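Inspection log for the structure reproduced underneath, given as structure tokens.
Numbering (mature numbering (1 follows the signal peptide of the UniProt record, and there is no 0)), first residue to last: -21 to -1, 1 to 461.
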């Protein structure tokens, strides 16, 4: 028993060490090292999404679930950053030779970047003295670049290609520990900033490109390999909205809601930008009502904006993230697709601005606060009662601008074939309160008045909230949450 207790203590200490390393990235790297150490020194466990070339250092959650973005993964064991194999030796016992940046590119999976560096006459600079950080696109990153963009770069190697490569460089040495969340560093191309985000799950991005290999030290700097070719960022997120014809309806809505200045100011916003097509899917009556209601419109737009910047590559599983509207969106992924509330509605990702990122979506997200009572009740477990309210002539109260609360019986509270009668109309009228009340604002002994003139008293118990007709009748319907 004492041996078992000692082993348990050691296991807990090991887990604590894994989970509380210096930074999220270092924590994940350390976990990968521990999982790979049975295969020799400096071996890291990697998880590759089946059917793709995407690999990740493994963390506790991914290791046990064996899934990333909902897709199964295959475990492989590779040399940790900065190490290499030796013939006949177990694991990766040798440190990579410390050479200049140009030669380092050839041994870290960035041979294409090395080739283009020579063609752009950058070789002499990154072979010589200095202290640089090079965010080097992987070979796969160059292969994924659209042909027209690549042709434009290589057809003018002395200017366009050189500028593009300089934008991937910083004139100082930056390790992964220096890459703090929300930081920015001037690049060697006209001092345009490179935007760094270091997420809690250990993902590190530069301009939304994921670092796939880090901390490859060189005599004159350091190399981090990234999964895409990055481009200079010069515009704020509002400029995307202001200049794209596909976002014309959103542009007008942002102006009407008074959000233009915010989206032009400093920040780290994530904007899920509904296209014109997304707005057109909404019934015209409902859309016009929201667009004409300043409060509802602002709630609608703020529901599409996260408080923090979220690049697509930072998402490896569903995560609830807070919006400016105060509620949360579940931002997740399904394979290569980024999802919102479980739906793959994002059609263009990672449009990076100086103050955030824009993701284009083809479906409008409507928060409950932007809906009328009637709209809120439709398509839920209270459709029978909703129809009866309308049949009783109470629809105008539920679709108007009055501050009301509806106490809605669930469908199972009704027998089939309910007939509208005068008594039922009175009863339904007494299910509408003259105030707008959330469940959290109710308290024991509180008196509430209905549209029918009846007073209700509130009784609050540990797990149940009950409403009684004042002195006489009991209302046997559950109070909806919220």
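Note that CB positions come from ideal geometry on N, CA and C, so glycine has one too. Quick caveat: nothing in here was measured; it's all calculated off a predicted structure.
Close-in-space but distant-in-sequence residues of the same chain around residue i (CB under 7 Å, 5 per side omitted)
i           : result
residue 431 : 405, 408, 409
residue 280 : 232, 233, 236, 238
residue -1  : Only weak support is given to the placement of residue -1: the predicted model assigns it a pLDDT of 49, under 50, and the value that follows is read from those uncertain coordinates. So the list reads 6, 9, once near-sequence residues are dropped.
residue 158 : 175, 177, 183
residue 341 : 254, 256, 257, 324, 326
residue 18  : 56, 70
residue 320 : 308, 309
residue 370 : 399
residue 380 : none
residue 60  : 192, 193, 194, 195
residue 460 : Caution applies to residue 460, whose pLDDT of 33 falls short of 50 and renders its modelled position unreliable; the value that the coordinates give is listed next. For residue 460, where only same-chain residues beyond five positions count, the Cβ hits under 7 Å are 418.
Enclosing beta strand (DSSP E) for residue i [first to last residue]
i           : result
residue 196 : 188 to 197
residue 64  : That residue, residue 64, is in no beta strand (DSSP E); it is neither H nor E in DSSP.
residue 172 : 172 to 177
residue 203 : 200 to 205
residue 369 : From DSSP, residue 369 is part of no beta strand (DSSP E) but of the alpha helix (DSSP H) over 362 to 370.
residue 350 : That residue, residue 350, is in no beta strand (DSSP E); it is neither H nor E in DSSP.
residue 319 : 316 to 319
residue 241 : Not the beta strand (DSSP E): residue 241 falls in the alpha helix (DSSP H), residues 239 to 243.
residue 331 : 325 to 332
residue 51  : 50 to 58
residue 339 : 335 to 340
residue 25  : 22 to 28
residue 140 : Segment: none, residue 140 is in no beta strand (DSSP E) and carries neither H nor E.
residue 373 : Premise fails: residue 373 is in no beta strand (DSSP E) and is neither H nor E.
Classification of residue i by the beta-carbon crowding that lies within 10 angstroms, buried from 16 upward
i           : result
residue 387 : buried
residue 426 : exposed
residue 53  : exposed
residue 200 : buried
residue 423 : exposed
residue 170 : exposed
residue 397 : exposed
residue 402 : exposed
residue 148 : buried
residue 440 : exposed
residue 77  : exposed
residue 215 : buried
residue 252 : buried
residue 260 : exposed
residue 230 : buried
residue 418 : exposed
residue 36  : buried
residue -17 : Low per-residue confidence applies at residue -17: pLDDT is 43, beneath 50, and the placement is therefore not dependable enough to give any value.
residue 131 : exposed
residue 292 : buried
residue 181 : buried
residue 472 : Nothing in the structure corresponds to residue 472, since the chain is present only between -21 and 461.
Where the alpha helix (DSSP H) containing residue i begins and where it ends
i           : result
residue 398 : From DSSP, residue 398 is part of no alpha helix (DSSP H); its letter is neither H nor E.
residue 465 : Given that the chain is displayed from residue -21 to residue 461, the structure contains no residue 465 and the question cannot be resolved.
residue 102 : 102 to 106
residue 95  : 90 to 98
residue 232 : 227 to 235
residue 263 : 263 to 270
Cβ-based neighbour list, residue i, same chain, cut-off 6 Å, excluding 5 preceding and 5 following
i           : result
residue 207 : 120, 188
residue 278 : 304, 346, 348, 349
residue 275 : 269, 349
residue 393 : 363
residue 226 : 220, 252
residue 462 : It is not possible to answer for residue 462, since the shown part of the chain is limited to -21 through 461.
residue 382 : 415
residue 161 : 247
residue 282 : 302, 304, 344, 346
Proximal residues to residue i (C-beta, below 8 Å), its chain only, five neighbours per side dropped
i           : result
residue 156 : 1, 2, 5
residue 462 : Here the chain has residues from -21 to 461 only, and residue 462 is not among them.
residue 96  : 81, 84, 102, 105, 144
residue 133 : 95, 98, 140
CB contact flag (residue i, residue j, <9 Å)
i           : j           : result
residue 92  : residue 115 : yes
residue 173 : residue 145 : no
residue 363 : residue 353 : no
residue 87  : residue 195 : yes
residue 73  : residue 64  : yes
residue 244 : residue 135 : no
residue 322 : residue 301 : no
residue 89  : residue 204 : yes
residue 117 : residue 151 : no
Distance cut-off 8 Å: residue i Cβ against heavy atoms of the ligand ADP
i           : result
residue 297 : No copy of the ligand ADP appears in this structure; indeed no ligand is present at all.
With three or more C-beta pairs closer than 8 Å as the rule, is the stretch 37 to 51 touching the stretch 290 to 303? yes
Below 8 Å, how does it come out for the stretch 48 to 68 and the stretch 309 to 320: are there three or more Cβ pairs, yes or no? yes
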